[in-house]
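Working notes for the structure below.
Protein chains: 2
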Amino acid sequence: MTSRRLFSKALLSTVAACALGGAAIAAEPAELRESALDYFEVIPSMVPAIEGNAVTREKVELGKMLFFEPRLSASAIISCNTCHNLGMGGDDNLETSIGHGWQKGPRNAPTVLNAVFNEAQFWDGRAEDLKAQAKGPVQAGVEMASTPERVVTVLKSIPEYVDHFKTAFPGEDDPVTFDNMAKAIEAFEATLITPASRFDQFLEGNDTIMTETEMTGLELFIDTGCASCHNGVNVGGTGYYPFGVVEKPGSEVLPPDDKGRFAVTQTASDDYVFRAGPLRNIALTAPYFHSGKVWDLEQAVAIMSSSQLGTELSEDEVKAITAFLQTLTGQEPQVTYPILPVSSTDTPKPAAMIAN
Amino acid sequence: MTSRRLFSKALLSTVAACALGGAAIAAEPAELRESALDYFEVIPSMVPAIEGNAVTREKVELGKMLFFEPRLSASAIISCNTCHNLGMGGDDNLETSIGHGWQKGPRNAPTVLNAVFNEAQFWDGRAEDLKAQAKGPVQAGVEMASTPERVVTVLKSIPEYVDHFKTAFPGEDDPVTFDNMAKAIEAFEATLITPASRFDQFLEGNDTIMTETEMTGLELFIDTGCASCHNGVNVGGTGYYPFGVVEKPGSEVLPPDDKGRFAVTQTASDDYVFRAGPLRNIALTAPYFHSGKVWDLEQAVAIMSSSQLGTELSEDEVKAITAFLQTLTGQEPQVTYPILPVSSTDTPKPAAMIAN
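What follows is the structure, given as structure tokens:
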């Protein structure tokens with residue numbers, strides 16, 4: 001049995017090497033793993049702790065309700081889940097999102113899956129954590145178009161929500177606040193992690209879980225320099241880099257009027273600087289880049305290598321890296337759809353009829 | 001223990017009678033139950049069979065995915081669940097829904113909960129069953145704005161969906177069809193029933209599950225004539241009646257340009273005729289009527305009694321009937337949010353950027 005497996009593996013390896021025309025893996029799995037562990041971490045299968053926001057069961061349950069709560073938006077039809085759809089890889093698979101009054105958002109919606117492991121949130125890192133992030137879309141005129149005051153009025157008008165806030169934030173005099181809304185959502189989002197991808201299983205010692213092509217792709221991902229920016233638990237999401245280190249991509253992919261992190265820091269060196277995209281579950285979240293203009297993962301890999309690394313990869317190399325990226329798809333969280341509490345006569349009426 | 005309970009009940013009964021100023025229950029619970037069983041049926045706790053569409057586990061699972069599938073809409077952001085939100089009583093709690101391009105729909109979205117027990121679907125009964133109903137919103141320009149051809153192209157472009165259709169419709173040569181999409185959604189919707197409301201428990205023999213006021217409301221509901229139209233399993237949803245049998249309500253509640261079932265039958269006697277609203281879970285689905293203009297359940301009860309029965313109910317009577325209606329809230333289905341399969345490069349791109 002063992003020898004047959006070895007034989008099959010050797011055969012596969014040869015086939016892969018031929019098919020890839022020279023892009024075959026050089027290192028043995030154990031060697032490749034050692035090198036990979038210099039860059040990447042296995043995703044935890046447990047919900048991580050959040051500084052200053054204990055992830056209690058009560059807070060997670062409330063946060064889940066709020067995540068699916070359309071009444072956080074002025075129209076009462078847009079919830080966090082509208083653009084960060086937990087059935088679709090944690091985003092909306094649109095170039096840029098559609099929000100209040102059918103307005104088009106400025107940037108591609110990032111996935112909420114594993115977002116807790118990002119150093120900061122949004123493409124330009126302007127929110128230091130998920131709690132700060134959660135407050136943004138609720139208030140953005142092109143997204144949910146509400147206000148902290150309206151949100152608090154809505155939540156306080158619904159007795160069952162008041163009870164949930166009391167339970168989730170025990171001992172607080174006035175637990176129904178915009179801040180606590182954000183904390184509860186952050187706690188729920190901390191549970192949205194996707195462990196046990198094939199890549200993680202490889203990192204944990206399984207030599208046969210990735211194909212030869214996928215291991216070749218991982219090796220290329222490290223050796224050509226992708227891993228210099230896309231590393232850590234989330235294979236990205238940790239540092240800021242100019243889009244177009246070597247060569248700026250065309251204006252469709254990199255629209256000239258979105259200067260990225262410059263808007264946050266007002267520093268010339270931050271022109272067109274963005275947070276390196278976290279690549280976990282990347283196969284689920286097309287289209288790509290902050291502009292959302294690239295639908296094909298292979299094309300995205302090719303653009304990255306030429307614009308960031310000045311490398312023209314062969315077609316086989318692009319395919320191998322793409323195959324590796326597909327091993328980053330983890331086990332998505334099973335979420336029971338929450339039953340939301342009913343509005344009272346005091347609940348502000350939806351402003352759905354009014355376009356912005 | 002028993003005598004203390006009886007004493008409390010007698011006391012409560014007296015208190016309720018005083019508070020209601022004469023609207024107190026006349027009949028004993030057993031007598032009231034007997035009378036109620038002439039009009040109403042206990043909601044089944046099992047999924048009902050559907051003629052010509054076996055409700056198999058595979059079909060239900062596929063139907064659930066399709067129910068939450070935004071790619072059935074042209075924009076790829078509107079799913080069945082957008083307007084029939086399973087967290088909000090199976091509707092969107094808006095006057096009328098918001099659809100493609102932020103367009104406003106013509107009528108209030110009915111709940112999908114227990115819809116399988118309605119005689120026909122839509123406010124005017126123009127769809128004979130849920131399968132026929134499911135095809136409407138997908139194609140309506142103001143709702144999901146897609147076409148049968150587009151839907152089939154989208155579904156066929158996603159290999160995992162093709163597999164699901166094969167499994168759900170075994171033995172069919174070409175299982176991915178618009179008709180089978182509708183059948184799968186119908187099968188899932190058949191599972192969306194809400195058993196074990198307090199009213200059902202009363203019908204099943206529990207004398208103490210409803211308060212005196214609620215039983216008074218039930219008695220009034222029967223005696224004043226509400227139950228002549230709102231009866232059966234769904235306490236409505238079975239017959240067609242003119243809105244304003246005795247007196248037409250104002251044009252805000254009954255807009256003159258929506259003639260209801262007349263548009264289906266082209267018969268003058270069907271002017272302003274609508275299906276009697278099914279009243280199960282009515283406390284969860286404000287605002288009310290096909291126009292969605294009335295947010296308060298007591299007000300809706302008062303309008304119905306004057307326009308349909310020519311009866312001016314006292315405030316206490318309105319309150320008692322409203323209290324009864326609140327016992328119609330059942331146990332909502334627990335639904336695990338489906339993980340939807342990923343698009344392929346062949347999947348048509350969303351038309352989200354284009355308003356209609």
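In order, the protein sequences belong to chains W and R.
Per UniProt numbering, residue 1 is the first one in the first sequence, and the count goes up by one each step.
Per UniProt numbering, residue 1 is the first one in the second sequence, and the count goes up by one each step.
All C-beta atoms in this analysis are idealised placements derived from N, C-alpha and C, irrespective of residue type, glycine included.
Interface positions of the stretch 320–341 of chain W facing chain R (Cβ-Cβ less than 7 Å), listed along the chain: 332, 334, 335, 336, 337, 338, 339 and 340
Coarse secondary structure for residue 33(W), derived from DSSP in three states: helix
Below-8 Å beta-carbon distance, residue 48(W) vs any chain R residue: no
Residue 328(R) versus residue 183(W) - alpha carbon distance: 35 Å
Residue-chain proximity (residue 93(R), chain W), Cβ-Cβ < 8 Å: yes
Collapsed DSSP secondary structure at residue 5(R) in the structure displayed: At residue 5(R) the pLDDT is 37, less than 50, meaning the model places this residue with poor confidence; the figure from the coordinates comes in the next sentence. Of the three classes helix, strand and coil, the one that applies to residue 5(R) here is helix, per DSSP.
For residue 271(W), the nearest candidate out of 235(W), 243(W), 176(W) and 212(W) (CA to CA): 243(W)
8 Å contact criterion, which residue 213(W) and residue 332(W) should meet: CB distance rounded: The pair is not a contact, with the Cβ atoms about 24 Å apart (cut-off 8 Å).
Between the CA atoms of residue 99(W) and residue 283(R) - distance to the nearest angstrom: 29 Å
Beta-carbon separation (whole angstroms), residue 335(R) vs residue 337(W), contact threshold 8 Å: 5 Å
Cβ contact check for the stretch 188–205 of chain R and the stretch 61–75 of chain R: 3 or more pairs under 8 Å: yes
Contact under 8 Å by Cβ, residue 78(W) with residue 144(W): yes
Delimiting residues of the alpha helix (DSSP H) encompassing residue 159(W): 159–168
Residue range of the alpha helix (DSSP H) that includes residue 301(R): 297–309
Beta-carbon spacing of residue 35(R), residue 157(R) below 8 Å: no
Among 222(R), 228(R), 285(R) and 351(R), nearest to residue 317(R) - alpha-carbon criterion: 222(R)
Cβ-heavy atom distance, residue 119(W) to the ligand NAP, below 7 Å: The ligand NAP is not part of the structure shown, which contains no ligands of any sort.
Test item: CB-CB of residue 289(R) and residue 240(R) under 8 Å: no
Nearest-angstrom Cβ-Cβ length linking residue 347(W) and residue 154(W), presumed shorter than 8 Å: 6 Å
Beta-ladder partner(s) of residue 104(W), from DSSP: 98(W)
Nearest-angstrom Cα separation, counted from residue 72(R) out to residue 159(R): 16 Å
Environment of residue 341(W) [buried if 16+ CB atoms lie within 10 Å]: buried
Length at least 3, wholly inside the UniProt domain "Cytochrome c" (212–329) of chain W: the beta strand (DSSP E) runs in chain order: 240–242 and 273–275
Per DSSP, cross-strand counterpart(s) of residue 121(W): 127(W)
Minimum Cβ-Cβ distance from residue 123(R) to chain W less than 8 Å: no
Proximal chain W residues relative to residue 68(R), where beta-carbon distance stays under 9 Å: 85, 87 and 337
With 16 other Cβ atoms within 10 Å as the buried cut-off, status of residue 266(W): exposed
Minimum Cβ-Cβ distance from residue 296(W) to chain R less than 8 Å: yes
Rounded straight-line distance, which links the Cα of residue 198(R) to that of residue 245(R): 31 Å
Continuous alpha helix (DSSP H) stretch holding residue 53(W): start and end: First-last for residue 53(W): undefined, no H or E at that position.
Closer than 8 Å at the beta carbon, the chain R residues around residue 36(W): Result: empty, since nearest Cβ-Cβ is about 25 Å, beyond 8 Å.
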